[in-house]
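J.:
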Amino acid sequence: MDSTTSNEHRSSPYSPSHEIELFDPTDEAEIAGPQLEPTDRGFAAWRLLCTAFVFEALLWGFPLSFGVFQNYYSTLPEFSNSRYISVVGTVASGISYLGAPFTAHFIKRFQRFQRQMIWIGWPICIISLICGSFASSLTTLILTQGVTYGVGFLIFYYPILNMVNEYWVSRRGMAYGLLCSASGMSGAVMPFITEKLLNTYGYRTTLRAVAIALFVLTGPLIPFLKGRLPASRHTAPAHANWSFLKTPLFWVYTVSNMAQGLGYFFPSLYLPSYATSTGLSSIEGAVLLALMSISQVLGQLSFGYLSDKNLSVNFLLVCSSSMAAIASLAIWGLAYSLTSLIAFALVYGFFGAGYTAMWARMSTSISTDPTAAPMIFSLFCFGKGLGNVLTGPLSGDLISPLVVLGSYGLRKYMAVVVFTGGCMALSGLSICSWHIVKQMRRLM
């Protein structure tokens, strides 16, 4: 799944809001020399960014299409009786959020190992899919396509982001905007590819085909993943100012962020299944995921742009959460046709995804200390990741076995719809409550 400056907060829909500041540009003075490539321009900078674009699109785009796998797995006899199929997808993406604080700190301390981390994490992702193709139980799928893939992605991706940070400094917002468009583009295309492969060849062949494709398309590009700065021989820890933990606003934002993360991922998991339950085809379910992915990118770019202006970040956060809540409760719960589901996918995708685009502004609102901002940001990642991982187990308890056409949420998904809308509402209300408390204190 962002940088710590106000204009560097574009992030992919399910990705861990990736712009974590691992490299401090002020450190460059200590190692600068004529051998260094220029920042924000030049062949080397663009070569690295284009390579990172491909890795973002393919290796992060794959878990984003899990809603199609979820719909397919639920039709197989060996998995159909399990309520926790969604755990596979939520664990794969959630680990990259949860591990953000630890991986960022490790890379800061041991920058010289970042290329080795890529060579370790990348094959883990490939091997996990091959192993998953032999799975005959949900537990094996969770351990392979879920946990192992997520760990591999966590290990190799954050070093790539650190390299991007080294090359792109003053134009980093543009660089991350391009990276986010990669996941958006893959999110608009990959569901159709996986849906076609699954229905034609089954999940075993599909996972093997995806593994081979990822190997062929990304493997030859790994030699191009080189940082701009020479590997440091020092292992001095990055010092951060943790006084922000005493700031009430940090905890208000933490509650809001965790509530948002807890409800955010349900629609992307269940839209294809919901569409199938209404009588729509699996390809129409893939269309819904693609439209939501495109809308999410537009929402992130829009809210990111607005947060750079003079608009209150708290106002934007409340707008994002409340509109996502309304979309869930008033549109999704009453959606019985493709048209209404498209409307939900567009509205929810736009407003729901806009929340993470403001993490950087939230960080600087809590503390202006540049050493604190990266840790605040990574803690936001951790909070959202916690919600992501919990989505799978929770959904198993929220889904009902009975489908009743014409009922709210088709009866089967009613609790999921209400829970999603409730979490979004709680996210916005926590910030509103903070303002009310502040106003009451001023009057007293």
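For the sequence shown, the numbering used here gives the first residue as 1080, with consecutive numbering after it. We treat Cβ as the ideally placed atom computed from N, Cα and C, and that holds for glycine.
#1: Compute the Euclidean distance between the alpha carbons of GLU1274 and TRP1513, then round it to the nearest angstrom.
#2: Would you kindly work out how many angstroms separate the C-alpha atoms of SER1360 and ARG1191, rounded to a whole number?
#3: Applying the 10 Å Cβ sphere with the 16-neighbour rule, what's the burial state of ALA1111?
#4: Pair every Cβ in the stretch 1382-1402 with every Cβ in the stretch 1162-1176, then say whether three or more of these pairs are closer than 8 Å.
#5: Return the chain-ordered list of same chain residues with a C-beta closer than 8 Å to the C-beta of THR1314, the five sequence neighbours on each side being excluded.
#6: Please classify SER1442: does DSSP put it in a helix, a strand, or coil?
#7: Kindly indicate which three-state DSSP category VAL1265 falls into: helix, strand or coil?
#8: Fully enclosed by the stretch 1173-1220, which alpha helix (DSSP H) runs are 4 residues long or longer?
#9: Would you list, in sequence order, the uninterrupted beta strand (DSSP E) runs of no fewer than 3 residues that lie entirely inside the stretch 1375-1446?
#10: Helix, strand or coil: how does DSSP classify ALA1136 here?
#11: Can you tell me whether GLU1245 is buried or exposed? The criterion is at least 16 other CB atoms within 10 Å of its CB, across all chains shown.
#12: Take every Cβ of the stretch 1139-1147, pair it with every Cβ of the stretch 1425-1434, and state whether three or more of those distances are shorter than 8 Å.
#13: So is LEU1328 in contact with chain D if we call contact Cβ pairs under 9 Å?
#14: Using three-state DSSP, classify ASN1150 as helix, strand or coil.
#15: Could you work out which residue in LEU1296, GLY1200, PHE1132, TYR1343 is closest to GLY1471 when comparing CA atoms only?
#16: On a Cα-Cα basis, can you pick out the residue from TRP1198, VAL1226, ILE1197, VAL1482 that is closest to GLY1211?
#17: Using 8 Å for Cβ pairs, my map puts ALA1365 next to PRO1270. What's the rounded Cβ distance?
#18: CB-CB under 7 Å to THR1499, same chain, minus the five flanking residues each way: which ones, in chain order?
#19: Is it right to say MET1519 is buried, meaning 16 or more other beta carbons lie within 10 angstroms of its own, or is it exposed?
#20: Check whether the Cβ atoms of SER1509 and SER1335 sit closer than 9 Å, and answer yes or no.
#21: Report yes if the C-beta distance between ILE1197 and ILE1239 is below 9 Å; otherwise report no.
#22: For ALA1409, is the classification buried or exposed, using 16 other Cβ atoms within 10 angstroms of its Cβ as the cut-off for buried?
#23: Which value, in whole angstroms, describes the spacing of the CA atoms of TYR1152 and SER1159?
#24: Return the chain-ordered list of same chain residues with a C-beta closer than 7 Å to the C-beta of LEU1522, the five sequence neighbours on each side being excluded.
#25: Helix, strand or coil: which one does DSSP assign to PHE1141?
#26: Please name the residue in VAL1268, SER1419, LEU1276 whose C-alpha comes closest to that of ALA1369.
#27: Please confirm whether THR1297 and LEU1138 have their CB atoms less than 9 Å apart.
T.: So, to answer that:
#1: 45 Å
#2: Roughly 50 Å separates the two Cα atoms.
#3: For ALA1111, the predicted structure reports a pLDDT of 49, less than 50, and the residue's modelled location is therefore unreliable. A value from the coordinates is still provided. Exposed, by the Cβ-count rule.
#4: no
#5: For THR1314, the predicted model reports a pLDDT of 48, less than 50, meaning its position is unreliable and no value from the coordinates is stated.
#6: helix
#7: Note that residue 1265 is Ser in the sequence shown here, rather than Val. Helix, per DSSP.
#8: Runs of the alpha helix (DSSP H) inside the stretch 1173-1220: 1179-1188, 1193-1211, 1217-1220.
#9: none
#10: Helix at ALA1136.
#11: buried
#12: Proximity of the stretch 1139-1147 to the stretch 1425-1434 falls short of the contact definition, fewer than three beta-carbon pairs being nearer than 8 Å.
#13: The chain labelled as chain D is not found in the depicted structure, where only one protein chain is given.
#14: Here ASN1150 sits in helix by DSSP.
#15: TYR1343
#16: VAL1226
#17: 4 Å
#18: If we look at THR1499 and ignore the five residues flanking it on each side, its Cβ neighbours are GLY1342, PHE1345, PRO1346, SER1407.
#19: Flag for MET1519 reads exposed.
#20: With respect to SER1335, SER1509 sits close: the two C-beta atoms are nearer than 9 Å.
#21: yes
#22: Classification of ALA1409: exposed, given that the 10 Å Cβ count is below 16.
#23: 7 Å
#24: Taken in chain order, the list of residues that qualify is empty.
#25: helix
#26: VAL1268
#27: yes
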